[in-house]
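Those protein sequences? They're chains R and V, same order as listed. Read in order, the letters of the first sequence correspond to residues 1 to 146 in UniProt numbering. Read in order, the letters of the second sequence correspond to residues 1 to 113 in UniProt numbering.
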Amino acid sequence: MATVELRFSALPEHVRTARLVAAAVARRAGVDEAVLDEVRLAVGEACSRAVGLHRSGGLESPVRVALIEDEKAFSIEVGDDASAASGRVPGARDTEAPARAEAADADSDMGLAVISGLVDDVEVTADERGGLIRMSWPTTTAAVLP
Amino acid sequence: MDLSLSTRTVGDRTIVDVGGEIDVYTAPKLREQLVELVNDGNFHLVVDMERVEFLDSTGLGVLVGGLKRVRAHEGSLRLVCNQERILKIFRITGLTKVFPIHNSVDEAVAATD
Chain R
1 MATVELRFSA LPEHVRTARL VAAAVARRAG VDEAVLDEVR LAVGEACSRA VGLHRSGGLE
61 SPVRVALIED EKAFSIEVGD DASAASGRVP GARDTEAPAR AEAADADSDM GLAVISGLVD
121 DVEVTADERG GLIRMSWPTT TAAVLP
Chain V
1 MDLSLSTRTV GDRTIVDVGG EIDVYTAPKL REQLVELVND GNFHLVVDME RVEFLDSTGL
61 GVLVGGLKRV RAHEGSLRLV CNQERILKIF RITGLTKVFP IHNSVDEAVA ATD
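Okay, here's the thing in structure tokens:
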């Protein structure tokens, strides 16, 4: 399993908690202090996006965050259940609540833009369960090894 | 830390002092504050972000919304920020071209371009 796993109700007030936990685990994993701000911002963006998708889709399931430490890298996976609700792909419109979904999509697009600008190693995928954003950073020990 | 907001007036400019974290949870409070100011006829805003500890894309969205509102009244929205970690997110999103960003409140208040 992941080093630390977090599941939280899709509410905006819990995104800060996810940021704090992710930064703490990243620091312990050896991610450079200078990069911790990026980790905090990127995981916050991914979680805000997931919260927005769950809320606009009327989903009651939690947002999932996995913090994974291995020898060379620290990775974060943020999973949502957005595709599972209506068969929608990330960025698609929810026909039942078009205005709300549109606003959520605009925010979610801006969030993705920030993540891709911040993180070099990022993957956005979707399967039958939902969307998954995976981001990785080198750890200090890996960076100094030849 | 939560969001803190206070406003004051310098000449025809309204200074909004923002502190703490602007994220998906707190951004609606900043939005309400900006909307209220514009509805009350304050169209030249200076948002002082020197005490902001965290800003995400939701916060950027609110600032862009504020800019749209003041521009509808031929107003202005200027930012004060010297913090590299906050400036970085404006650069990543290209918003440094959209917002005038100043080093100090005095500089923002004096600016007329």
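Glycine is no exception: its CB is placed at the ideal position from the N, C-alpha and C atoms. Remember, it's a predicted structure, so these values are computed and weren't measured experimentally.
- Message: Using beta carbons (cut-off 7 Å, strictly below), is serine 4 (chain V) in contact with chain R?
- Response: no
- Could you name the residues that DSSP lists as bridge partners for valine 21 (chain R)? DSSP, once it has assigned bridges, lists no residue as partnering valine 21 (chain R).
- Item | Interface partners of leucine 60 (chain V) on chain R, CB under 9 Å | Met110 and Val114
- Task: Give every residue of the same chain whose Cβ lies closer than 7 Å to the Cβ of leucine 118 (chain R), excluding the five residues on either side of it in the sequence, and list them in chain order.
- Result: Glu38, Leu41 and Ala42
- Message: Considering only their Cβ atoms, is the gap separating alanine 126 (chain R) from alanine 66 (chain R) smaller than 7 Å?
- Response: no
- Quick one, which of R:Val21, R:Pro12 and R:Glu13 has its alpha-carbon nearest leucine 6 (chain R)'s? R:Val21
- CB arginine 69 (chain V) to CB valine 38 (chain V), shorter than 7 Å? yes
- Please work out which residues of its chain come closer than 7 Å, Cβ to Cβ, to threonine 112 (chain V), disregarding the five sequence neighbours upstream and downstream, and give them in chain order. none
- Item | Exposed unless 16 or more other CB atoms sit within 10 angstroms - verdict on glutamate 45 (chain R) | buried
- For tryptophan 137 (chain R) and valine 35 (chain R), believed in contact at Cβ under 8 Å, the rounded distance: 6 Å
- Item | Neighbouring residues, chain V, relative to proline 12 (chain R) (Cβ below 9 Å) | Asp23, Val24, Tyr25, Thr26, Ala27, Pro28 and Thr58
- Rounded separation between glycine 69 (chain R) and histidine 73 (chain V) - CA only: Here residue 69 (chain R) turns out to be glutamate, not glycine, going by the sequence shown. Roughly 52 Å separates the two Cα atoms.
- Sorted by chain position, which residues of the same chain lie with C-beta nearer than 6 Å to valine 4 (chain R)'s C-beta, five sequence neighbours on each side aside? Val25 and Leu67
- Task: Please compile the residues from chain V whose C-beta is within a distance smaller than 7 Å of the C-beta of glycine 44 (chain R).
- Result: Asp23 and Asp56
- Task: Taking only beta-carbon positions, decide if arginine 93 (chain R) is within less than 7 Å of chain V.
- Result: Caution applies to arginine 93 (chain R), whose pLDDT of 49 falls short of 50 and renders its modelled position unreliable; the value that the coordinates give is listed next. No, no contact with chain V.
- Item | Proximal residues of chain V, C-beta to C-beta of valine 15 (chain R) below 7 Å | Asp23, Val24 and Tyr25
- Query: Got a sec, what are the start and stop residues for the alpha helix (DSSP H) histidine 44 (chain V) sits in?
  - Reply: Not the alpha helix (DSSP H): histidine 44 (chain V) falls in the beta strand (DSSP E), residues 44-55.
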